[in-house]
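Single-structure report; data block below.
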Amino acid sequence: MPRDLILEYRGKKIPVLSLGTSPFIGAAQFGLRALRYRNFWFNHPERMERAFLMAYDLGVPGVHLLPYEPILDAAERALKKADLIVTATVELGNEEILRRLREIGASAIAIHAEWSDRRHPGIFRELERISEFALCGLATHRPDVTLELTKDFANDFYMVPVNPLGKYMGNVERALNSYLSTEKILVGMKVLAAGKVPVRDALEFAMKYVDAVTIGIGSFGEIEDTFSAAISVLREIQSL
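Residue numbering for the sequence shown follows the numbering used here, starting at 10 and increasing by one per position.
So, in structure tokens, the structure goes:
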């Protein structure tokens, strides 16, 4: 396992850099590319497994899962060949998903922004369930609001959008101030703004505010270019 891009907190590992899986489900932020990404990846766990292992071989220590069945299958396959750090984002109330994530040794799990941003009452019990075996977190699509309103919740970390374009961040100034003021771990997402920001520019900005990042890729061809650049930039930042 790559050792220099890992945080440790309360006995659990968080990858400073992980391969994200939102392109694999065709997430909406990818616009016209979304359906193409989903068609290529989603029902092909062997392709996702290959992507996980390619990134790992380059030095990416972890994967961040949206735990749909094919993605979980791909992670389970990859874990037989590499000691990847697994993190994930989950919906509320799916005991079977939590069981499988526990079985594969997931180290940090966030509740999806759909629930976190509404402060749904069910998140309190879900945080408790997650904390039985992993660091528990809240993902947000409204960091300008949610971090302040949940500052006293029992989560260990947040997953937050962060990029130099300010996309997906709401009120950018308020969001960035919240990032700087929280004492909880921050994992950045949407750091390339769905491919609109170069890797170096994205990470030099993001790492001023967050502790770790997850980056998705749309094709095998992007893996080496994206993650070789990301690892280089992160190591430069760590050495400062």
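Even for Gly, the Cβ is constructed at its ideal location relative to N, Cα and C. Because the structure is a prediction, the values reported are computed rather than measured.
The beta carbons of residue 172 and residue 200 sit closer together than 8 Å.
Per the C-alpha coordinates, the member of 154, 159 and 93 positioned closest to residue 26 is 93.
Residue 165 and residue 146 do touch by the CB rule: their CB atoms are close to 6 Å apart, below 8 Å. The C-alpha of residue 33 lies about 12 Å from the C-alpha of residue 81. DSSP places residue 214 within a helical segment (H, G or I) once states are collapsed to three. Counting every other CB atom within 10 Å of its CB across the protein chains shown gives residue 131 a total below 16, marking it as exposed.
The stretch 138-153 makes contact with the stretch 119-128: 3 or more CB pairs, one atom from each, lie closer than 8 Å. Separation of residue 182 and residue 89 (C-alpha to C-alpha, rounded to the nearest whole angstrom) is 44 Å.
For residue 26, the uninterrupted beta strand (DSSP E) segment begins and ends at 26-29. The DSSP assignment places complete alpha helix (DSSP H) segments of no fewer than 4 residues inside the stretch 74-153 at 78-88, 104-112, 122-125 and 131-140, in order along the chain. Secondary-structure assignment with DSSP links residue 18 through a beta bridge to 21. The residue from 156, 242, 223 and 248 with its alpha-carbon nearest to that of residue 61 is 223. The DSSP-derived three-state label of residue 235 is helix. Taking 8 Å as the cut-off, the Cβ atoms of residue 39 and residue 203 count as close. Scanning 248, 102, 215 and 20 for the CA closest to the CA of residue 117 turns up 20. The beta-carbon distance between residue 236 and residue 64, rounded to whole angstroms, is 5 Å. This is short enough to meet the 8 Å contact definition. About 5 Å separates the beta carbons of residue 73 and residue 96, which is inside the 8 Å limit, making them a contact pair.
Counting only residues of its own chain and dropping the five nearest sequence neighbours on each side, residue 233 has a CB closer than 7 Å to the CB of 67. Taking all protein chains in view, the Cβ of residue 141 is surrounded by fewer than 16 other Cβ atoms within 10 Å, so the residue is classified as exposed.
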